[in-house]
Every structure is written in C-alpha cells, then in structure tokens.
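Down below is the structure, laid out as structure tokens.
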Amino acid sequence: MEIIATLKEANTEIRRLFLEGNFLAVLDLLIESQNAVIKIGEFIESLEGEGTKTVALLERYYESLYPIAEEIETIDISFYKRLQKQLITIENSIKSEFGAGKIEVAFLPYNASMWDSLESIWLAAKKDPQCDAYCVPIPYYELTRDRRLEKMHYEGADCYDDHVEITNWREYDIRTRRPDVIFIHYAYDDMAGNATIHPEFYSKILREYCECLVYVPYFITSASTIEEYSASLPGVLYANYVMVQSEAIRQSYIRHYKKFNEEHSLNFCFGKAEEKFVAMGSPKLDKAICSNESDYELPLAWRQLICKENGEKKKVIFYNTHMFVWLKNGERYFRKIHSVFETFKNRKDVVLWWRPHPNTELNFRVSRPDLLKEYMKMVEAYKSEGWGIYDDTSDLHRAVAWSDAYYGDGSSVTELFKVTGKPLLLQNALYQPSNRSQYAVELVDFYDDGEYLWFAASNYNALFRMSSSKWEPEYMGTFPGEKANVAWLFGLVVCNNGILFFAPYNAECICTFDIGTKAFGTIELLLPAPEQIEKGFSAFSVGKYVVFTGYSYPYIIRYDTETCTSDYCEISLEKGKMRHTMGQRYFARGYQTEEYLILPLVSRDEIFRYDVQTNLLERIYCGKARQGYYDIDFDGSSFWLAPKDGSAILQWDGYSQNMKRWCEFPKGYVCPEEFGNNNICCVGSDVYLFPNNANMVLRLDTKSGRISPATEFQSEAEAEKDEIIANWFHAKIVSNLIYALTMRPSSFSCYNIQTGQLRQEQILLDDRTGEQMKLLRQAACQEAFRDCVGQGNFCETPLVDVAGFCDFLQEDNLGCCGNAPSTNHAGDAIYAYVRARIG
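Under my numbering, the first residue of the sequence shown is numbered 13, with each subsequent residue one higher.
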C-alpha cells in the first residue's frame, strides 16, 4: 500500500511538471512509475502466485503509461484523472483481494531445539487471518579462537515438526519483503565467544527492515534476576520489545538497562525501559504444558528400553548436562557423569534419558579442545552400550513429555519440568555417590566419654556412639524436630553434667541427649538470625554454662544448665550501633579458659573476649590485615591462629596489638587465598595447621622455627576430594591423640602422638543399622520433595542423591513433590500485544 501511495504522489508530480511544460522530467517519472509497477507485480506473484486480479490491473496501468509518453507534447491534462482512477481501483483491489490491514510476521530461530521459545507465538499468528506468518530458520557459525567465522550450521525443515512450514533463509529477502514484525530468540549477535548467527541477521540490521523487532529469550530461569550483561546485549538494545517470563525478571532487566543507559550517556536512544520490557510469560512453558506422550512417536529401540516385559512403562529420568557446568569442572565432571551412569547401568526399574545441552560439542571444540576427544569417547561408549537413551535431536519436548522426573544441572529445562508437575533433583557436580559405601556414616565432631565416642552423623539425622577402640557405630536415635533431608545438622558437641549438647549448623534448634536416660531434648533459638544461610555454631562447656558461638548467627548464647534458661549477647561489630547483614560472618572456632572464651573474628582482623560469667563481649585485638581467622589454640604461653587466607601461621601474646608471622612454608606448599586453612592444634612445642584447601598439613616447631609437612597426614592432604573442595573439616586433641575429620566420605583419622601411629578408617554401619539408615534416606527423599512446594526442585546432597531419587520414584511418589501442572498462554498474549501496537 505504501508503494501505491508513492505512485499517487508521482502522478501528482507528473501533473505539476506537465503544466510547467517540463516534458523531459515527466518522461523520467513515467519510466520510474513503470519500473515500480513491475516490482509490485513481481512481489505479489511471489506471494500469491499468478492470475490475481490486482496484477491484471497493474498490467493495465503499465500499458496506459505508454501512449502518454508517446503523445506527451500534444496530449491534454485529462490523462492525470484517468491514471488517478486506475490507482484507486488498484488500491481497492489490494484491499479486497489480500485483506485490509494484513500484516507479515517473520520468525527467525537459529537453533531448532530452541524453537519452543517462539512456537506458540507463531501458532497464534497463523490463526490470525489478517497475518502471513513465516518461520525462517537462520544459519549460525562456529567461531575460531580469533573470532573468525568457521563451520556453518543450518537447521532447516528436517529439524522441525511436520506442522511447521519452513521457508528457506535464502528465499526470504528481508530487505525486499520488509515484514511488519520480526521475532528473534538470539540476542548476542557477534558478542558470544563460541558462535554467531549469520551477520545478515544481526539485530541492528533487522531493526532497519521491519516496523517492530521483538526479542523473546530462548531460555527461562528459576531466579528472579538476570545477569547484568543480559540487559545490554545487541538484541535487547535494538528490539522494540523484549518479552520476559515474569514481572520480577522484567524489573531486573529494567534496573540493569537503566544502569547501562546512564553509564554510557545514551539518553534512552534505544527506547524507554518501562515500554521496552514486557512480562507476558514464556512460550517455552506453553509447549511443555501442552505436550503429552501420545504426541510423540519413539524409535523402536527406545520404546524397548522404556517398556517392561509385561508392557508397563518403567520410570524415565531425564538427565540434563549443561555445557557451562561441564566446561567449568572439566575432568571432575567426567567422573561425575561416569558415577551417574554406574548408578543407572544395572537398574532394571528406571531408564536414563540423557540429553546433553545442544551446544556441548561445539563448546568443547571451541573452548576446551583438549577435552573434546574424551567427550566424544564418552558419548560413543554410552550409545554403544545401549542401556540408556541418548537424545541429541532438536525435540526437547518429546523428552519432557516421556520423562517421569528430572535429574541434572540447573537450566531452562528445570523450569519446563516445574510446570508439568514432575519432581526434580538438581545434580551436585562435586558429589560422586559411587565413591562411598551405602552404609557409610560421616561425622563433623564427637565427644569422648572415655569409653564411647558420641557424634551426630552429618549425612543422616541420627545420633551414634562407637567404642573408642573398635569404631563400630551404634545407632542411638533421631534428633526430634529436625528434618530428615538436611545434611550437616550439627557442628560441635560438648558434654555438661552427663548431657550432650549439639551445636546447630543447619539444624533449627540446639539439641541435647542425656547419656544416662537416653532422652533427647531441644533448646529453641529465641532470636533467629535474619536471612541466615547456616548457623555454624561452636559449643563450649564452662562450669554450669554451655556457650554457643555462631559462624552466621549474630548472638552468643549462654545456656544455664541449672535453670535451663538462655541469655543472649549481641555481637557488636560497629562502634555505637549494631549492624547485622546477610552474609556477615562471626566466629568459626574459639579457645576456652576457665572464665573466658577467646574468639577470633572470621570476617576481620579482630579478636574478642567473652566473659562467661557476665555475658559481656569485648574487642581485645584490632589489626589492619584484610583477613579474619578460622581457629585459635594456646600452647601455655602464646596463642596461635589460623588466618582464613592461609598466608601464615600467626603467634599472639594475648594482650598486645602485634602478631608474629610464621610463613616460611616448605617447598611445594600451595594454599589458595580463600579458605586456605581450617584448624590449628598445639601439641607441646609443635603447632599443627590443618588445611582446608591447601595441599599439606603443616607442623611448626616453635623451638627451631621450622615449618615442615606433617607427613603422617600427607596422604589425606593430597587426596582428591569428591564432594566439597576441602581436605579437613575439624581436628581436635584428646589426651595424646590427634583426631582429624576429613572431608572425604567417612574418613576418620587418629594419630597417636607418643607412638607415631596413624589409624585411618571409613566408619561403616552393620547391615541391620544400614537398613535403618536406608529408611531414613527414603524419608529424607520424601521430605525433600514435599519441602519444594512453590519451588519445585531439590539439590542433590549425601542424603538425597540420584540413587535415592530412583528409589523414591518407585514408591509411586510422583504426586508428592509439591509441583502442580500449570496453565500458560504466553504465545497468544505476546502476539496480541504486538499486533495491537502495529495497527
């Protein structure tokens, strides 16, 4: 219609020039009008084919221009009215034949597996009789490390469902067609490090050839915020509208977009934030909700894996491995996947449906070519063994529809499972269940009563005791009121007058156990910490009091065992006021005297003294170093401290504002700056430093000043850790023994200082107790997923791992996960919103 309007304007100009007697200019305009008529006719025939009434009228108009040109010097001005009438007739024909207000919308997916982020919008457009909708997949390229275009990929008609009519990108000239609206789902243009779409389809170019450019992210997130860079990607900037999944995400985009605009003094040249970002939901959820098993055929080999001999369907677990998690963890992640495969390989009741991120191979090739061969070897081995499904097709939603549950890394796929009402277990890439016995028990601390070692298990909600000589654990019961699915419920344990006091780490309350009566008890925390992550309490028994100091808890708790009452002492870190913020760290460990606790601060170079009798806290040392401390011990004359950054062993006299640094470490000692050391123990003239992330246990001979490796513990320091990036969690001295608790599963060490002998064992349960713990593990699974109401997923822990997840699914627990199938109509809403704004 715009070109017809241009012809009308040209006709008016012809009239003016004719009346002025400028016949040469008239002839030029007549030729231009003929060329325009030819282009209009060809364009219509490319869309509608031959034989339309409008093209016939255009041909008649074209022919009318010839005699005018031939008789231009003798003809009268009446030809102008005849041409105007013909143009009106053509204009009316276009309206009646092709529809008044009809628009053209182009959808430009680059990856077929991500088409679901646009499909329901496309379906809405297809339903509109006044819209011509085209799906035009565009090619993309791998990039070399110096950012040159390398291998081109094009996922065309063969990669889409039959109902999606595909237009080849070479046959759709955006510059000529100038669609009213273009939808894209890739915003990076040339900013990604591993790949890029074809440069002709960068958002800056597309914006020039359409009335409205709309970006719909190909991903969805479980978070309520986005990364800051996401709001300044080219596709975001050049889009007229950015359609996001929720109002929380919209506000996050607006906040980051405004910040980018201000930092670069753009004066909102890319559009106002409140208008650009629109929360309409995600089309990806439309697809997930509407998909059913019956919508998809399976290859025969897959169906045979899924179906039992009696025809019943086995439980199917969707296994999602994300490329970025894999690249980040490297070899460790390969071992993790092998352990997962071992869990499923011999199970006859469940089937693993492995679907790696579609760009995994590409990212290995570009970012980690050293691991590409190992990746391809793993894929080929998995496929050839034939016990699981390997899915590298573009049809994500077939896998979602056929799966009963989700296991794997966090990604957009987790959000799809949430809306289907199916349970999810998020993979912990550092936890490898194949490396631990199913009957192993782990501990953080213990109390030695001379006959038994009493401890709370860190991988169960359970209290155990074991003979100090045999190390055979005996189950004593479950802590009341605490969850079954929470690991590391308790930190340190002390005894006061025959009663054990367990300091909460992740537990809700302080728990007690009377060794004589075998009775459990609880002490509630009257002042809960705001927004705390973990409490991380230490415990001290001082006279009639038991004192608890916390890693993240802003109060010291003094419990009176005679009156059974608690007093609280607030920790003041700022002069004149109390300030407690999320993420604030207080005390990890402390040293106990008859009247005081000496407490080094974790977050700062400060040391406090707590008077147990008066319940008062006093700062007694304030240094200028940037780090805090994890532990402190006393050798009879000096205090020794383990700084958090692992840079030295520090000696302090207890009253001055000066510390001596001992830092001539042995050759080969490596310690990261963060969380380097954990525990420090004084034994005679020796000071032992147990590392968290460092590669040696150190012994400082205070007489000679020499620091050397404590070789008796070196095998543990060098061992690779499976679950947590650390070596030792806790070390303590009992009589002439150094007990050291490692972060390796169930490894318990005891070094006899006098004999030089090291005893190191895994703490294993007998079969009967092991079966009791299996029941606790199953309860933990059920509790974990019931706790996910409104959240929909649970992260893998030693209590709730993939093996337990499989057992859980066999008990027909699919309905207890707390997820309810959702409804979503984002595609219809997005199309209607855009349609209303382009007329």
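A virtual CB, placed ideally from N, CA and C, is assigned to each residue, including glycine.
If only complete runs of 3 or more residues are kept, the stretch 665–720 shows the beta strand (DSSP E) at 671–674, 689–695, 698–703 and 710–713, in order along the chain. Bounds of the beta strand (DSSP E) holding residue 465 are 464–468. Annotation for residue 161: the continuous beta strand (DSSP E) segment containing it runs 161–165. Around the beta carbon of residue 31, a 10 Å sphere encloses fewer than 16 other beta carbons of the protein chains shown; the residue is thus reported as exposed. Here residue 77 has 42, 45 and 46 as same chain residues with Cβ atoms under 7 Å from its own Cβ, once five neighbours each way along the sequence are excluded. In terms of Cβ geometry, residue 558 and residue 568 do not form a close pair [threshold 8 Å]. Taking 8 Å as the cut-off, the beta carbon of residue 387 is found closer than this to the beta carbon of residue 373. With 16 or more other Cβ atoms from the protein chains shown falling within 10 Å of its own Cβ, residue 692 counts as buried. Relative to residue 55, the option among 82, 88, 106 and 29 whose CA is nearest is 106.
Within the stretch 399–458, the complete alpha helix (DSSP H) segments of 4 residues or longer fall at 408–414 and 424–432, listed in chain order. Around residue 458, the same chain offers 465, 466, 467 and 505 as residues with beta carbons nearer than 7 Å, after the five sequence neighbours per side are excluded. Each residue's CA atom was taken as its position, placing residue 371 and residue 335 some 7 Å apart.
According to the DSSP assignment, residue 763 belongs to the beta strand (DSSP E) that extends over 759–764. Counting every other CB atom within 10 Å of its CB across the protein chains shown gives residue 219 a total of 16 or more, marking it as buried.
Taking C-beta atoms as the reference points, residue 91 and residue 102 fail to come closer than 8 Å. Residue pairing from DSSP places residue 478 in a beta bridge opposite 465 and 485. Here residue 839 carries a helix assignment [DSSP, helix/strand/coil]. Minimum Cα-Cα distance from residue 434 among the listed residues 313, 311, 304 and 507 corresponds to 304. Taking C-beta atoms as the reference points, residue 790 and residue 820 count as a pair closer than 8 Å. Distance between residue 742 and residue 456, taken at the CA atoms: about 7 Å.
Beyond the five residues adjoining it in sequence on each side, residue 839 comes within less than 8 Å, by CB distance, of 131, 132, 133, 134, 135, 136, 295 and 298 in the same chain, given in chain order. Counted as a single uninterrupted DSSP element, the alpha helix (DSSP H) harbouring residue 66 occupies residues 65–82. Its Cα nearest to that of residue 27, the residue 95 stands out among 95, 49 and 58.
In the structure shown, the three-state DSSP call for residue 261 is helix.
Excluding the 5 residues flanking it on each side, residue 816 has same chain C-beta neighbours closer than 6 Å at 789 and 793, in chain order. Residue 570 and residue 766 have their alpha carbons spaced roughly 37 Å apart. In this structure, residue 209 places its C-beta atom within 8 Å of the C-beta atom of residue 150. Look at the beta carbons and you see the stretch 276–287 not touching the stretch 311–319: under three pairs across the two are nearer than 8 Å. For residue 334, the three-state secondary structure derived from DSSP is coil.
Per the coordinates, the alpha-carbon of residue 354 lies some 45 Å from the alpha-carbon of residue 695. According to DSSP, residue pairing for residue 652 in a beta bridge involves 645 and 663. Boundaries of the alpha helix (DSSP H) harbouring residue 381: 381–397, taken from the DSSP string. Note that the C-beta distance between residue 602 and residue 613 is not below 8 Å.
Under the 8 Å Cβ criterion, the stretch 150–164 does not count as touching the stretch 254–266, having fewer than three qualifying pairs. Leaving aside the five residues that flank residue 418 on each side, the residues in its chain whose CB is nearer than 6 Å to its CB run, in chain order, 330, 429 and 436.
For a cut-off of 8 Å, the C-beta gap from residue 547 to residue 580 is around 14 Å, too long to register as a contact.
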